[in-house]
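Chemist: Every letter in the sequence shown is one number past the one before it in my numbering, and letter 688, counting from 1, is 681.
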Amino acid sequence: MAVHNPAILEFPASPEIVDEIGKDQHDEMAEWIEAFDQVLDEEGTQRGTDLIDGLLRHARQSGVNVPVKLNTPYVNTIPVEEEEPYPGDRALERRIKSLIRWNAMAMVHRQNKEDAGIGGHISTYSSLATLLEVGFNHFFHASYGDQPGDLIYFQGHSSTGVYARAFLEGRLSQERVLNYRHELRDTPGLPSYPHPWLMSDFWSFPTVSMGLGPLNALYQARFMRYLENRGLIQKTDRKVWAFVGDGETDEPESMGSLTLGAREKLDNLIFVVNCNLQRLDGPVRGNGKIVNELEAAFRGAGWNVIKVLWGSDWDKLFAKDTSGLLTKRFEEVVDGELQSYKARGGAYIRKEFFGKYPELLELVADMSDEQLHYLSRGGHDPQKVYNAYKRAVEHKGQPTVILAQTVKGYGLGSAEARNATHQEKKLADQALTAFRSRFEIPIPEEAAKKGALYKPPDDSPEIRYMCEQRRRLGGTMPSRKPVKSDFTAPPLSEFAESLAGSKGRAVSSTMGYVSMLRQLMKDPNVGKFIVPIIPDEGRTFGMESIIRQVGIYASQGQLYRPHDVDMLLYYREEKDGQILEEGITEAGSMASMTAAGTAYSNYGVPTIPFFTYYSMFGFQRVGDMIWAFADARGRGFLMGGTAGRTTLAGEGLQHQDGHSLVLASTVPTCHAYDPAYVYEIAVIVQDGIRRMFEQNEDRFYYITAYNEDYPMPEMPKGVEEGILRGLYKYKPAGEKAVIQLFGSGPMLNEALKAQQILAEKYGVHADVWSVTSYNELRRDALSIERWNRLHPAEPEKRPYILQALEGAEGAIVAATDYMKVVPDQLAPWLPGRLVSLGTDGFGRSDNRQHLRQHFEVNAASIAGAALSRLAREGKFDAQRAQNAFGELGINTEKIDPAIA
Ligand SMILES: Cc1ncc(C[n+]2csc(CCOP(=O)(O)OP(=O)(O)O)c2C)c(N)n1
Ligand SMILES: [Mg+2]
-6 MAVHNPAILE
4 FPASPEIVDE
14 IGKDQHDEMA
24 EWIEAFDQVL
34 DEEGTQRGTD
44 LIDGLLRHAR
54 QSGVNVPVKL
64 NTPYVNTIPV
74 EEEEPYPGDR
84 ALERRIKSLI
94 RWNAMAMVHR
104 QNKEDAGIGG
114 HISTYSSLAT
124 LLEVGFNHFF
134 HASYGDQPGD
144 LIYFQGHSST
154 GVYARAFLEG
164 RLSQERVLNY
174 RHELRDTPGL
184 PSYPHPWLMS
194 DFWSFPTVSM
204 GLGPLNALYQ
214 ARFMRYLENR
224 GLIQKTDRKV
234 WAFVGDGETD
244 EPESMGSLTL
254 GAREKLDNLI
264 FVVNCNLQRL
274 DGPVRGNGKI
284 VNELEAAFRG
294 AGWNVIKVLW
304 GSDWDKLFAK
314 DTSGLLTKRF
324 EEVVDGELQS
334 YKARGGAYIR
344 KEFFGKYPEL
354 LELVADMSDE
364 QLHYLSRGGH
374 DPQKVYNAYK
384 RAVEHKGQPT
394 VILAQTVKGY
404 GLGSAEARNA
414 THQEKKLADQ
424 ALTAFRSRFE
434 IPIPEEAAKK
444 GALYKPPDDS
454 PEIRYMCEQR
464 RRLGGTMPSR
474 KPVKSDFTAP
484 PLSEFAESLA
494 GSKGRAVSST
504 MGYVSMLRQL
514 MKDPNVGKFI
524 VPIIPDEGRT
534 FGMESIIRQV
544 GIYASQGQLY
554 RPHDVDMLLY
564 YREEKDGQIL
574 EEGITEAGSM
584 ASMTAAGTAY
594 SNYGVPTIPF
604 FTYYSMFGFQ
614 RVGDMIWAFA
624 DARGRGFLMG
634 GTAGRTTLAG
644 EGLQHQDGHS
654 LVLASTVPTC
664 HAYDPAYVYE
674 IAVIVQDGIR
684 RMFEQNEDRF
694 YYITAYNEDY
704 PMPEMPKGVE
714 EGILRGLYKY
724 KPAGEKAVIQ
734 LFGSGPMLNE
744 ALKAQQILAE
754 KYGVHADVWS
764 VTSYNELRRD
774 ALSIERWNRL
784 HPAEPEKRPY
794 ILQALEGAEG
804 AIVAATDYMK
814 VVPDQLAPWL
824 PGRLVSLGTD
834 GFGRSDNRQH
844 LRQHFEVNAA
854 SIAGAALSRL
864 AREGKFDAQR
874 AQNAFGELGI
884 NTEKIDPAIA
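1. Does DSSP put L368 in a helix, a strand or coil?
2. Mind checking whether A482 and I682 have CB atoms under 9 Å apart?
3. Under the assumption that A856 contacts L751 (Cβ atoms under 8 Å), give the Cβ distance between them as a whole number of angstroms.
4. For Y137, which of helix, strand or coil comes out of DSSP?
5. Taking DSSP as the reference, what is the three-state secondary structure of E345?
6. Helix or strand or just coil, what does DSSP make of W296?
7. Can you give me the C-alpha to C-alpha distance between S594 and I523, rounded to a whole angstrom?
8. Can you name, in chain order, every residue of its own chain whose Cβ lies under 7 Å from the Cβ of Y699, other than the five neighbours on each side?
9. Given a cut-off of 9 Å, decide if F622 and T591 are closer than it, judged by their beta-carbon atoms.
10. Do the segment 187 to 202 and the segment 464 to 481 make contact, defined as three or more Cβ pairs closer than 8 Å?
11. For the segment 405 to 414 against the segment 156 to 175, do three or more pairs of beta-carbon atoms, one drawn from each stretch, fall closer than 8 Å, so that the two count as touching?
12. Going by DSSP, what residue range makes up the beta strand (DSSP E) through V806?
13. Please go through the segment 832 to 864 and give each complete alpha helix (DSSP H) segment of 4 or more residues, from N-terminal end onward.
14. Just to confirm the assignment, what range does the alpha helix (DSSP H) spanning P80 have?
15. At a cut-off of 8 Å, is N267 close to ligand 2 when judged by its beta-carbon and the heavy atoms of the ligand?
16. What alpha helix (DSSP H) runs, 4 residues minimum, are completely inside the segment 413 to 459?
17. Using DSSP bridges, identify the partner residues of L827.
18. Please report how far the alpha carbon of K62 lies from the alpha carbon of I45, in whole angstroms.
19. Does DSSP classify T180 as helix, strand or coil?
20. On the three-state DSSP scale, how would you describe I526?
21. For a quick check, are the C-beta atoms of A642 and L844 less than 9 Å apart?
22. Using CA atoms only, rank isn't needed, just tell me which of E355, M609, R256 is closest to Y695.
23. Does DSSP put G634 in a helix, a strand or coil?
24. How would you write the range of the beta strand (DSSP E) that P517 sits in, first residue to last?
25. What residue from R464, S582, T662 has the CA that sits closest to H131's CA?
26. Measure the CB-CB distance between Y900 and Y379 and report whether it falls below 9 Å.
27. Are there three or more Cβ pairs, one per stretch, closer than 8 Å when the segment 225 to 243 is compared with the segment 196 to 209?
28. Please name the residue in E438, A408, E75, H847 whose C-alpha comes closest to that of G882.
29. Evaluate R782 with the Cβ neighbour count: other Cβ atoms within 10 Å of its Cβ, from every protein chain shown; 16 or more gives buried, anything less gives exposed.
30. What are the residues that DSSP puts in a beta bridge with Y703?
31. How many whole angstroms separate the CB atoms of S763 and Y723, which I take to be in contact at a CB cut-off of 8 Å?
32. For W762, name the three-state secondary structure that DSSP assigns.
33. Where does H897 fall in DSSP's three states?
34. Could you work out which residue in T697, G37, A730, R628 is closest to N689 when comparing CA atoms only?
35. So for G238, helix, strand or coil by DSSP?
36. Going by beta carbon distance, what residues of the same chain come within less than 6 Å of I1, once the five residues before and after it are set aside?
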């Protein structure tokens, strides 16, 4: 009788099992199993699947409670008899892998010996080596004909192995590798982790912040389909591979969006989870089984799951184990034990694992302790890994996850599978020489102890083999190759409607932005590249018309007749729809933003994302993803909708955003703007497209969009430069001004009202300025100040803020719907002049009038602040200023909103 799965008990079963289940049941089951095995033997496994499937359905319909089982036995998914032979030269590949292992370890060891505390990781790559090498030698395509190839997300802290391979391939010089984690020396070094910002021709995907790699990979695979379905790239077999740590799967980002993969049938996506059963501090699931947990979660989410748990040397044991006890024993042990087996060696394994059942002890009676110790885990067996990868790339209709069991610190002797192995940076002399011998590295002992690198000659069989394998797969990897866009950005004249103002009609800057976007999507050059992204907020931002115009991307088209189909602005879904409507996931949307904003380098397609979202749920919610986007040299527009702590009325504390601009200032490539009028948005967007996609500058934009309606003026002449640099005079005082008022976003209108109050009631004249970006003004001033500091003998340069304010007299009252620290950024260059009014503190549910009163940013508060300041300077009567607060309706004794 054939045993198709070791979990199936062979019949007749052992007396123990007969006792357990009773003789009647045993005999009945034996009959069924025998019949079933006959089907398998005669008609194959597919017929077996169909039979069981039909039986299960029938049982459920008949009211039989059949439990849903998401776990399969703790064995390899691919039966040994279905494996295909390995296509490569195993001996040479092992040799190459050993060399990579050595160099990866040596570069960390050496650097820490020389520069204590510089850090690095040696145990993660050691567990991942086979999983990566099988990919590099046989699967990872650098290109598909003239199309870009696979996209690979490496486990961030396995970068040393990737560097070591590139070193052997001759892509990274010895000098560079010796400068691992020494990036700021006279000679070039290597960054700790994958950072496209730091190695722009090498890394594409920043992955070291746990969880971001898997999430970005998932949405990358979906975006690939989007580009295909929209005809922007050719359909090829290219895949997205994501190498993920088992500990990393605890991050909600890693697992939170898995169902998208199944829903979208992303068979271009392969996750490989490196199940070394350990994370930084200790076991991932010491008291349970991470593989089982992940298997159930992925399968439940609709993924194809392939477990690669045991190496080929276990096959003969499974074959010999006719009682199913071996499988049973694997079910019993928890991960903490599995780890101990590796850490404590063969005698321990014999006693604790096999020793539980005499039959199992018998099974390994002819094996030495050493042989038991070296019984391998699936993720270290190229044969098993190759077969899993082959199935994964051939699988249709679902994404695949490969759960590969490995050993953390594999080959590192005493550090192998130890809890502390993650933090291991150096090896003891004895461990180094043992490593050298185990992996047969031909260097003298002394050199080994120092952690010398070793590279065989270019014409050695190893180097020739590895280079040849890569040549067949289209070239070396990783390799980042941005393609310069060949379009010309639409000229400003194309934004005429936005520049012309609203002709007295009250509209919000959000509405203005949306109509601008609608126009832009009609542009014959760039229209098709625009990717609007929304996390279930389209209606909030009045984007229904865009939905009608270009449709929502739906990989299967619209399979239902929408109830509102007869309406002009119906919910239109299309296979080639342009909008990515992500549902309620800012993280997912940001992942799409990342895929779209880096498509110029991953696909050679300059898609221009506009991710429009509820600003409060942006920087503070997905800030780390935005940071990674910057690192990835992402380009595009983040549109912070429902902006401003007092402009978004009613929603209260959790919704009203007064700090995104502060957070935006922390991202080096983010250019943040807080425009008041639609023409300002148009100027910023036009120039942004030009700089990012015509000039190929690696930068992106954060632009606030408000929902307060007011008439949008026509663009005054000559203000473009001011808008882009951050400030221009919007409305001068009729007479010589004694004070300056700055306003941003809707606060510009409050400043204008204050200008009028001051002139009419108090005879005080003020100029009003629109400040579109304090962040930009500060960056300019900082860079000029730096230059001045470093060139004391040269004539001093003046920052733009001082040039623009030339001749403008008096103090400056700056009103913003954001925190005071936003205008305060300019304080060093405006000594003693700046009075900032902002929205520090928690928001409240109320209308704009009350909110602005509460936060002291309304026109009355601006006017009051101006008079108070003039009084302090002796330019206005102090008592009159005090009285003015009363006249303006300001309660001077109310609680400070910053602490309210
Ligand atoms: C968001 C985040 N939190 C913490 C860390 C620090 N960190 C780096 S590696 C690591 C452990 C990773 O364990 P696992 O994912 O199992 O990878 P392994 O090294 O075991 O392959 C931690 C906590 C990080 N890089 N990112
Ligand atoms: Mg781990």
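C-beta atoms are modelled at their ideal positions from N, C-alpha and C, and glycine is treated no differently.
Modeler: Looking at the atomic coordinates:
1. Coil, per DSSP.
2. yes
3. The C-beta distance from A856 to L751 rounds to 5 Å, short enough to meet the 8 Å contact threshold.
4. strand
5. Looking at E345 - three-state DSSP - the assignment turns out to be helix.
6. coil
7. 16 Å
8. S501, S502, T503, A636, G637, T640, G738, P739
9. yes
10. yes
11. Cβ pair count under 8 Å is below three, so no.
12. 805 to 808
13. 841 to 848
14. That residue, P80, is in no alpha helix (DSSP H); it is neither H nor E in DSSP.
15. Yes, ligand 2 has a heavy atom inside 8 Å of this Cβ.
16. 422 to 431, 438 to 443
17. I805
18. 13 Å
19. coil
20. strand
21. Yes, the pair counts as a contact, with Cβ atoms nearer than the cut-off.
22. M609
23. strand
24. DSSP places P517 in no beta strand (DSSP E); its state is neither H nor E.
25. R464
26. A question about residue 900 goes unanswered here, because the residues of the chain that appear run from -6 up to 893.
27. yes
28. H847
29. exposed
30. V500
31. 4 Å
32. For W762, the three-state secondary structure derived from DSSP is strand.
33. Any property of residue 897 remains undetermined from this structure, which presents the chain solely from -6 to 893.
34. R628
35. In the structure shown, G238 sits in a strand (DSSP, three-state: E or B).
36. The predicted position of I1 is uncertain, since its pLDDT is 44 and thus under 50; no value can be drawn from it.
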